[in-house]
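Residue numbers (the UniProt record's numbering): 1 to 213.
Below, the structure written as structure tokens:
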């Protein structure tokens, strides 16, 4: 099983949105409501700043750096969704290989999992590198699959659990099925292309054979 981080394991939107607001204010870029900023939650940061503010090149890289400076102060405060740690522990105890596939910098994602006490449950982690490259969802899923194979884990039937449209699209591009985590930030319309829908951790457990209690 591969799993996304933001909106799937952690309820990180408040920290992410606060960081975007602080960064946009510092950069003098106008923005509207938090609902408008929600589309920035999930995709790679560089893509978000490009689509939202038209930033490219050095200006984009600077915006990402400003955002990240603010986010580092908040990232460890994001709570883990109810039931998710239990299902991860259950699947780990059953010997199911678990990989993280996030568009976030892998080094930051590892810190977050470690802070939450969940890192030992993961066979591999995959995310953007520290130069913010290779963070597209299909890329991190492919990297996670490669690392699972290198660890000797079977990858004949893999699902990716995520909460946004780019999770669905990235999973399909990488050749795996997607389970829509509807407790996150995407709704059923956004995630309509997923092979499976899970409204909460209990439904995910039923799909994957884990436990939530």
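Every residue, glycine too, gets a C-beta built ideally from N, C-alpha and C.
Of the residues 160, 112, 26 and 174, the one whose Cα lies closest to the Cα of residue 195 is 160. Note on geometry: alpha-carbon atoms of residue 205 and residue 20 lie some 33 Å from one another.
Nearest Cα to residue 185 within the set 31, 23, 43 and 22: 43. Selection 121, 176 and 86 evaluated against residue 155 yields 176 as nearest (Cα-Cα). 125 is the residue among 39, 187 and 125 whose C-alpha sits nearest the C-alpha of residue 150. Inter-residue distance for residue 197 and residue 181 is about 7 Å (C-alpha atoms, whole angstroms). Under DSSP, residue 162 forms a beta bridge with 180. Taking C-alpha positions only, residue 89 is separated from residue 39 by approximately 31 Å.
The stretch 70-101 is shown to contain whole alpha helix (DSSP H) runs of 4 or more residues at 84-93, in chain order. Spanning the alpha carbons of residue 111 and residue 190 requires a straight line of approximately 29 Å.
In chain order, 7, 8, 181, 184, 185 and 186 place their CB closer than 6 Å to the CB of residue 163, counting only its own chain and leaving out the 5 sequence neighbours on each side. For the options 116, 143, 148 and 193, the alpha carbon positioned closest to that of residue 12 is the one of 116. Taken through DSSP and simplified to helix, strand or coil, residue 192 comes out as coil.
The stretch 102-157 contains, as complete alpha helix (DSSP H) runs of 4+ residues, the segments 106-115 and 137-150 (chain order). Bounds of the alpha helix (DSSP H) holding residue 23 are 13-27. Scanning its chain for C-beta atoms nearer than 6 Å, with the 5 sequence neighbours on each side dropped, one finds around residue 17 the residues 34 and 37, in chain order. Relative to the Cα of residue 100, the nearest Cα in the group 10, 77 and 27 belongs to 10. At the C-beta level, residue 102 and residue 4 come within 7 Å of one another. For residue 174, there is no enclosing alpha helix (DSSP H), as DSSP marks it with neither H nor E. Restricting attention to 15, 141, 173 and 148, the CA atom closest to the CA of residue 77 is found in 15.
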